[in-house]
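S.K.: Before we start, here is the structure in question, set down as structure tokens.
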Amino acid sequence: MREAEVPLVAQEGILRRQSARESAARTYARALPIVPVRARGLTIEGADGSRYLDCLSGAGSLALGHNHPVVLEAIRRVLDSGAPLHVLDLATPVKDAFTTELFRTLPPGLADHARVQFCGPAGTDAVEAALKLARAATRRTEIVAFSGAYHGMTAGALETSGGASDVRVARLPYPQDYRCPFGIGGERGAELAARWTESLLDDPKSGVPSPAGMIVEPVQGEGGVIPARDDWMRRMRDITAARSIPLIVDEVQTGVGRTGAFWAVEHSGITPDVMVLSKAIGGSLPLAVVVYRDDLDVWQPGAHAGTFRGNQLAMAAGAATLAYVRENRLAEHAARLGARMLAQLRSLAADFPCIGDVRGRGLMIGVELVDPEERPESAAEAAAAAGATGGGPRHAAPEVAVAVQRECLRRGLIVELGGRHSGVVRLLPPLTITDEQANAVLDRLSDAVEAVAEAPTGLRSRGVEHGGRGGSRRVSPRRAPGESAGRAERAE
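Per my numbering, the very first residue in the sequence shown carries number 482; after that it's consecutive.
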């Protein structure tokens, strides 16, 4: 038994003590009762020796997967150099290298005239900083955000998220196809959402005063992996620019190649006024920044501060990650492989009524689970009348999604749930995932869906133990005879 490996009884004790000691607010630990002891790339190994393909990737923070050699080497260089590990906001060679690499990747229209604020080590603090900045620069207080949004868990960030209510935040419809708020989706649905936005901002009786800023995600992640249309993003840029409203783009999860472009705003070609960045920019370690137009830099010294904004290890790991993604064109890899995975999952959806929709961009993928026995809602008629295709949506089935997540875990695949009703299985694999590993992920997910689809309804909420037909359905090419053992090992 290796040093970090512990007996099964000890693993169960660790999980039991976690449950007894940690708060009721813990989340991932409830759905993923594992004790990781080793990890590399796509693979996590549990204390009991079980191996998992990790498509959670630290909620998208592991662009290069676990313990990538370039990240480890960057960290070791700092540790071996004798450099200070924590220096508040003082200048250091490590910080300078990170900032230089970050500015090298930014959209040109922003990089040429940008300022950066290092924040506390979480995306939610960077969101807070962006809101404070917009309010200080415009001397206004209202913020416009979008239904289904997620911008963090602190009070100010929660104001702009879809599940909260606050008089300083107005929420607008976020266009989507499957659950379009207007029942039509597509270009027409996005156009109506844009007109709603214009009406709310221009109507003196709307109850929304001129806002300090608009904050938007190019792809709603926690909201259910909903990509915004490029033409709608351009429309939001035009609407805000015409009204002198700073446009704040939250790229905490979409950034660093995740969607098939280095920054998701590049798909639409827009230049935001403010970008909120975290997760992958720290190379697996905590780091968050706000990048913004220099003419918005009206802050006084100390207007936004934080003790842990000088993490040298995170900056070194982040600089190495940004450079590796850029130099190895991993955004292009994410675009190509993500498109293939989406196509294969849509093929799978045609065989299983419990899959209502498959959507995503790059390696940010969502599979929405619905009630397979329910007839499509009356929105289908409205959609057809408006020229939309695909019919109306069925009700989300969170119990089916939970069952699929459990079946995935039993098969050695870690996935996350999200969406309005936690009915969306989310895939966030590292950008370094290979075609062979992608096949393994798709095979395990398809086997899990099949097992749940074949289970009696009552078993879904308790997990499925009979295992379906043992993985007879595949969405990737079958392995050639004689190759299974070696190929399976390489897939992990």
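Quick reminder that beta carbons are idealized off the backbone N, C-alpha and C, glycines included. Remember, predicted model here, so these are calculated numbers, not experimental data.
1. From what residue to what residue does the alpha helix (DSSP H) around Phe584 run?
2. Can you give me the Cβ contacts of Ala804 inside the same chain, cut-off strictly under 6 angstroms, excluding the 5 residues immediately before and after it?
3. Can you give me the C-alpha to C-alpha distance between Ser691 and Phe743, rounded to a whole angstrom?
4. Please report how far the alpha carbon of Leu496 lies from the alpha carbon of Ala510, in whole angstroms.
5. Cα separation between Phe579 and Gly633?
6. Keeping to the same chain, check which residues put their C-beta closer than 6 angstroms to that of Ser562; ignore five residues upstream and five downstream.
7. Please return the same chain residues whose Cβ sits closer than 7 angstroms to the Cβ of Gln598, not counting the five positions on each side in sequence.
8. Between the region 603-618 and the region 729-742, are three or more C-beta pairs nearer than 8 angstroms?
9. Which first and last residues belong to the alpha helix (DSSP H) in which Leu912 is found?
10. Would you call the region 552-559 and the region 787-804 in contact, with 3 or more CB pairs under 8 angstroms?
11. When the Cα of Arg821 is compared with those of Asp832, Val839, Pro834 and Val806, which residue comes out closest?
12. Do you know whose CA, among Leu653, Ile556 and Thr573, lies nearest Trp677's CA?
13. Taking the alpha helix (DSSP H) that Glu554 belongs to, which residues open and close that run?
14. Asn792 bridges to which residues according to DSSP?
15. Would DSSP call Gly494 helix, strand or coil?
16. Could you spell out where the beta strand (DSSP E) holding Gln598 opens and where it closes?
17. Quick one: residues in its chain with C-beta nearer than 6 angstroms to the C-beta of Pro708, no 5 flanking neighbours on either side, listed in chain order?
18. Using only the alpha-carbon positions, how far apart do Pro662 and His594 sit?
19. Take every Cβ of the region 521-534, pair it with every Cβ of the region 736-755, and state whether three or more of those distances are shorter than 8 angstroms.
20. Go through its chain and collect everything with a Cβ distance to Thr913's Cβ below 6 angstroms, but skip five positions before and after it.
21. Helix, strand or coil for Glu854, going by three-state DSSP, please let me know.
22. Measure the C-alpha to C-alpha separation of Glu672 and Trp713 and round it to an integer number of angstroms.
23. According to DSSP, which residues form a beta bridge with Ala877?
24. Cα separation between Gly704 and Val896?
25. Checking the sheet assignment: what are the DSSP bridge partners for Met845?
26. Just how far apart, CA to CA, sit Gln499 and Ala824?
27. Within 10 angstroms of the Cβ of Lys576, are there 16 or more other Cβ atoms? Answer buried if so, exposed if not.
28. State the Cα-Cα distance for the pair Leu591 and Leu569, rounded to the nearest angstrom.
29. So if DSSP puts Gln701 in a beta bridge, which residue, or which two residues, is it bridged to?
30. Might you give, ordered along the chain, the residues of its own chain that have their beta carbon closer than 6 angstroms to the beta carbon of Ala618, omitting 5 neighbours on each side?
31. So for Pro589, helix, strand or coil by DSSP?
32. Can you have a look at Gln781 and say buried or exposed, based on whether 16 or more other CB atoms are within 10 angstroms of its CB?
33. Please list the terminal residues of the continuous beta strand (DSSP E) segment that includes Val689.
34. Can you look up Gly783 in the DSSP assignment and give me helix, strand or coil?
35. Classify Ser500 as helix, strand or coil using the three-state DSSP reduction.
36. Since Leu513 and Leu890 should fall inside the 8 angstroms C-beta cutoff, what is the C-beta to C-beta distance between them, to a whole number of angstroms?
M.R.: Walking through what the data contain:
1. Pro574 to Thr586
2. Glu582
3. 32 angstroms
4. 9 angstroms
5. 24 angstroms
6. none
7. Ala610, Val770, Val771 and His785
8. yes
9. No alpha helix (DSSP H) holds Leu912; DSSP gives it neither H nor E.
10. yes
11. Val839
12. Leu653
13. Pro550 to Ser562
14. His567
15. helix
16. Ala595 to Phe599
17. Val700 and Arg842
18. 37 angstroms
19. no
20. Leu545 and Gly546
21. coil
22. 7 angstroms
23. Val851
24. 15 angstroms
25. Arg842
26. 40 angstroms
27. buried
28. 26 angstroms
29. Ile707
30. Leu777 and Val779
31. helix
32. exposed
33. First-last for Val689: undefined, no H or E at that position.
34. coil
35. helix
36. 7 angstroms
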